[in-house]
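Enquirer: Numbering (the numbering used here) for the sequence shown: 71 to 575.
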Amino acid sequence: MRPRHTSALSRLLSAADNGVSRNLTAAIADVSAPASAPLPTTAPLESSMFKLSKLSKGRSSCIVSRSRHLPESFKSYKGRLFLYKNPAQYLGVRVSAATFSTVAPPASNSASDSAEMAQVTGQSAPKNSAWAGSAGAGGYDLRSDTMTTPTPSMLTAIQSCSLLDDVFNEDPTTIDLEAHCAALTGKEAGLFVLSGTMGNQLALRSLLTQPPHGVLCDYRSHIVKYEAGGVSSLTGATLKPVAPKNGIYLTLEDVKANAYLDDDVHTCPTRVISLENTLNGMIMPLEEVKHISAFAREHDIKLHCDGARLWEAVASGAGSLAEFASYFDTVSLCFSKGLGAPIGSILVGTKALIKHARWVRKSIGGGLRQPGLVTAPARVAIDETFGKGPNGEGGLLRETHVLAKDVAKIWTDLGGKLEYPVHTNMVWLDLDDAKCPGARLEELGKEVGLRFMGNRLVIHFQILENCHFVVPRLEAIFKTVLGEKGKNSATFEGADGEASMYGAQ
Ligand SMILES: Cc1ncc(COP(=O)(O)O)c(C=O)c1O
Numbered sequence: 071m072r073p074r075h076t077s078a079l080s081r082l083l084s085a086a087d088n089g090v091s092r093n094l095t096a097a098i099a100d101v102s103a104p105a106s107a108p109l110p111t112t113a114p115l116e117s118s119m120f121k122l123s124k125l126s127k128g129r130s131s132c133i134v135s136r137s138r139h140l141p142e143s144f145k146s147y148k149g150r151l152f153l154y155k156n157p158a159q160y161l162g163v164r165v166s167a168a169t170f171s172t173v174a175p176p177a178s179n180s181a182s183d184s185a186e187m188a189q190v191t192g193q194s195a196p197k198n199s200a201w202a203g204s205a206g207a208g209g210y211d212l213r214s215d216t217m218t219t220p221t222p223s224m225l226t227a228i229q230s231c232s233l234l235d236d237v238f239n240e241d242p243t244t245i246d247l248e249a250h251c252a253a254l255t256g257k258e259a260g261l262f263v264l265s266g267t268m269g270n271q272l273a274l275r276s277l278l279t280q281p282p283h284g285v286l287c288d289y290r291s292h293i294v295k296y297e298a299g300g301v302s303s304l305t306g307a308t309l310k311p312v313a314p315k316n317g318i319y320l321t322l323e324d325v326k327a328n329a330y331l332d333d334d335v336h337t338c339p340t341r342v343i344s345l346e347n348t349l350n351g352m353i354m355p356l357e358e359v360k361h362i363s364a365f366a367r368e369h370d371i372k373l374h375c376d377g378a379r380l381w382e383a384v385a386s387g388a389g390s391l392a393e394f395a396s397y398f399d400t401v402s403l404c405f406s407k408g409l410g411a412p413i414g415s416i417l418v419g420t421k422a423l424i425k426h427a428r429w430v431r432k433s434i435g436g437g438l439r440q441p442g443l444v445t446a447p448a449r450v451a452i453d454e455t456f457g458k459g460p461n462g463e464g465g466l467l468r469e470t471h472v473l474a475k476d477v478a479k480i481w482t483d484l485g486g487k488l489e490y491p492v493h494t495n496m497v498w499l500d501l502d503d504a505k506c507p508g509a510r511l512e513e514l515g516k517e518v519g520l521r522f523m524g525n526r527l528v529i530h531f532q533i534l535e536n537c538h539f540v541v542p543r544l545e546a547i548f549k550t551v552l553g554e555k556g557k558n559s560a561t562f563e564g565a566d567g568e569a570s571m572y573g574a575q
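Given below as structure tokens:
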């Protein structure tokens with residue numbers, strides 16, 4: 071539970087030694103009300119907060135600021151009300167229908183060099199700790215949603231987790247998480263695994279039996295490009311990467327044209343179809359999954375979903391977790407990407423399959439002794455970031471999709487093109503069209519304290535919570551990049567060969 075207003079006041083005051091709260095009254099006085107409803111500026115602190123809280127109830131427009139640094143368009147994000155002391159030293163109060171809380175001062179050892187502002191965390195981060203939620207490195211890092219840093223409420227959950235042995239299958243916190251995910255997805259059982267890669271590999275190892283066997287998937291799939299060749303070495307399967315005709319997601323037509331169904335001795339029969347959803351932030355619609363699933367069942371082919379970001383598809387309204395999962399034999403879902411947990415993923419499937427996957431997990435050193443330390447924050451990540459409803463109701467993901475579309479619009483309004491449509495939380499800038507090497511974008515980001523990787527911007531919830539810091543800087547960078555286009559046109563050369571998105575590390 072987030073602390074309510076009574077402790078909010080004392081926490082705010084206890085931040086006085088950080089120089090944060092001294093100007094609170096001034097900060098409140100500096101807040102401009104939406105034209106229709108002036109905010110109280112003279113009432114004592116707590117009642118001001120109450121009134122602010124009431125004021126925000128049921129409103130769709132909750133960001134209020136007189137800061138010249140906040141663009142008009144950012145007055146409309148739900149559930150947040152930011153109060154500015156001054157543009158450089160941010161002081162904020164989060165207001166929502168049910169709770170509000172003070173802002174923690176910037177974590178002193180935050181990985182971000184440019185922490186001009188503290189972020190709304192709900193609880194103060196302990197001094198000299200990185201447990202600062204959005205005030206930490208994640209709030210400035212658009213390279214991936216894996217850069218989200220765990221929140222203080224995850225730390226609280228860790229403090230009350232169970233610490234029993236999961237190789238012996240005795241740890242209540244872990245068993246609870248696995249059962250919860252099985253229930254959410256309508257599957258018989260779940261298995262906590264250390265990473266999305268481990269989830270995919272255990273699934274494929276468990277679904278495949280005896281070579282010759284092949285796995286059909288999108289040519290851009292994580293299992294093809296970014297799992298270090300694990301499918302071949304761990305399962306002996308041949309991958310059949312397929313380019314979807316529509317450029318977005320595989321269709322039944324693509325699958326039919328590429329699956330090996332006969333028993334010709336020359337071929338490697340398709341035994342598994344692996345579908346990634348979302349893939350590069352794009353959604354494979356439920357209807358298409360349904361068609362491919364019917365085809366797979368007809369031909370005795372197993373269906374795996376790399377659902378590292380299935381949460382995003384669900385939160386966008388594409389279908390519930392259980393609806394998607396009903397068409398697959400196995401689904402892996404990640405906690406440590408857009409949901410913000412520090413470590414881990416879950417694999418769900420039948421009891422028999424999960425029993426086998428547990429065995430394989432042990433064989434590759436993935437049996438865990440006291441995983442409550444990581445399964446407790448994973449549960450918080452589901453409840454708070456994805457949300458408690460079956461479609462991500464009450465969570466934060468949906469708003470990140472709105473912001474991603476806004477960011478894409480800023481780019482396209484300036485004349486930029488996109489490599490892929492924005493369905494969820496990823497914005498793919500067409501940097502080739504802009505004649506901009508990825509390294510230039512990264513350099514521009516570094517100058518203002520933002521981190522980029524290649525042409526992909528991932529708008530995760532900590533970027534959302536930092537949107538008033540990040541977005542004006544993004545806009546300025548976009549202007550620079552597109553302004554340089556003419557100058558670079560003659561000399562720009564695209565990269566040769568297929569490069570890893572991650573670059574050399
Ligand atoms: C779609 C997808 N699947 C699987 C993974 C693997 O997850 P992990 O990095 O936890 O191994 C990733 C990682 O980014 C991913 O994007």
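Even for Gly, the Cβ is constructed at its ideal location relative to N, Cα and C. This one's a predicted model, so the numbers in the text were calculated from it and none came from an experiment.
1) Any heavy atom of ligand 1 closer than 7 Å to the Cβ of K407?
2) Run through the region 376-446 for me and flag every whole alpha helix (DSSP H) of 4 or more residues, listed as ranges in chain order.
3) What is the residue span of the alpha helix (DSSP H) that F68 lies within?
4) Going by DSSP in three states, G515 sits in which element: helix, strand or coil?
5) Skipping 5 residues on each side, what residues in its chain have a beta carbon closer than 6 Å to that of H250?
6) Which residues bound the alpha helix (DSSP H) around A253?
7) How many whole angstroms separate the CB atoms of S363 and Y397, which I take to be in contact at a CB cut-off of 8 Å?
8) Do I480 and L544 count as a contact pair if the criterion is CB distance below 8 Å?
9) Could you check which residue in P460, S344, P447 and G414 has the C-alpha nearest to that of L391?
10) Can you tell me whether DSSP reads A560 as helix, strand or coil?
11) Using a 10 Å radius around the Cβ and a threshold of 16 neighbouring Cβ atoms, would you call E358 buried or exposed?
12) Just to confirm, is the Cβ distance from G269 to S433 under 8 Å?
13) I'd like to know whether the C-beta atoms of T255 and V401 end up nearer to each other than 8 Å.
14) Helix, strand or coil: which one does DSSP assign to H374?
15) Just how far apart, CA to CA, sit L79 and P220?
16) Straight-line CA distance for V342 to K326?
17) Return the residue from the list T243, A478, A227 and L261 that minimises the CA-CA distance to L233.
18) At which residues does the alpha helix (DSSP H) containing G269 begin and terminate?
19) What's the C-alpha gap between D333 and I371?
20) Name the two residues that bound the continuous alpha helix (DSSP H) containing M224.
21) State the DSSP-derived secondary structure class of L322, mapped to helix, strand or coil.
22) Does DSSP put M571 in a helix, a strand or coil?
23) Can we count T221 as close to ligand 1, meaning its CB is less than 7 Å from some heavy atom?
24) What residue does the beta strand (DSSP E) around L309 start on, and which one ends it?
25) Classify K425: buried if its beta carbon has 16 or more other beta carbons within 10 angstroms, exposed otherwise.
26) Tell me the DSSP bridge mates of V497?
27) So if DSSP puts V263 in a beta bridge, which residue, or which two residues, is it bridged to?
28) Taking the straight line between their C-alpha atoms, what separation do you get for V477 and L484?
29) Rounded to whole angstroms, what's the CA-CA distance from A200 to V312? Just pull it up for me.
30) Assuming T340 is part of the beta strand (DSSP E), what are its boundary residues?
31) According to DSSP, is L473 helix, strand or coil?
32) Can A411 be considered in contact with ligand 1, in the sense that its beta carbon sits closer than 7 Å to one or more heavy atoms?
33) Go through its chain and collect everything with a Cβ distance to V541's Cβ below 6 Å, but skip five positions before and after it.
34) Could you name the residues of the same chain whose beta carbon sits closer than 8 Å to that of K475, not counting the 5 residues immediately before and after it, in chain order?
35) Find out if the Cβ-Cβ distance for the pair A385, L473 is shorter than 8 Å.
36) Quick check on L488: does DSSP put it in helix, strand or coil?
Expert: In short, the structure shows the following:
1) The answer is yes for K407.
2) DSSP runs (the alpha helix (DSSP H)) wholly in the region 376-446: 380-385, 391-395 and 421-433.
3) The shown model of the chain, from 71 to 575, leaves out residue 68, and the question about it has no answer.
4) Note: G515 maps to helix in three-state DSSP.
5) None.
6) A253: member of the alpha helix (DSSP H) spanning P242 to T255, first to last residue.
7) Right, the Cβ-Cβ distance comes to about 4 Å (below 8 Å), so this counts as a contact.
8) Annotated as proximal: L544 and I480, with beta-carbon spacing under 8 Å.
9) The candidate whose alpha carbon is nearest that of L391 is P460.
10) In this structure, DSSP gives A560 a state outside helix and strand, which the three-state scheme calls coil.
11) Classification for E358: buried.
12) At a Cβ-Cβ threshold of 8 Å, G269 and S433 do not count as neighbours.
13) Taking 8 Å as the Cβ cut-off, T255 and V401 qualify as a contacting pair.
14) H374 carries a strand assignment under DSSP once its states are collapsed to helix, strand and coil.
15) Residue placement at L79 is poorly supported in this model, since its pLDDT is 32, which falls under 50; the coordinates still yield a value, given next. Distance from the CA of L79 to the CA of P220, rounded to the nearest whole angstrom, comes to 24 Å.
16) V342 and K326: Cα-Cα distance of roughly 13 Å.
17) Distances from the CA of L233 to each of T243, A478, A227 and L261 were compared; the closest alpha carbon is that of T243.
18) G266 to L277 is the extent of the alpha helix (DSSP H) around G269.
19) Approximately 14 Å, taken between the alpha carbons.
20) For M224, the enclosing alpha helix (DSSP H) begins and ends at P222 to Q229.
21) Here L322 sits in helix by DSSP.
22) M571 falls in the coil class under three-state DSSP.
23) In this structure, the C-beta of T221 stays at least 7 Å away from each heavy atom of ligand 1.
24) L309: member of the beta strand (DSSP E) spanning T308 to V312, first to last residue.
25) Counting Cβ neighbours within 10 Å, K425 comes out exposed, since fewer than 16 surround it.
26) Beta-bridge pairing by DSSP links V497 to L527.
27) DSSP output for V263 lists S415 as bridge partner(s).
28) Answer to the nearest angstrom: the Cα atoms are 11 Å apart.
29) Cα to Cα, A200 sits roughly 42 Å from V312.
30) T340 to E346 is the extent of the beta strand (DSSP E) around T340.
31) Correct three-state label for L473: helix.
32) No; taking the cut-off as 7 Å, the Cβ of A411 has no heavy atom of ligand 1 nearer than that.
33) If we look at V541 and ignore the five residues flanking it on each side, it has no Cβ neighbours.
34) So the qualifying residues of the chain are V492.
35) Taking a C-beta distance under 8 Å as the contact criterion, A385 and L473 do not qualify as a contact pair.
36) Strand, per DSSP.
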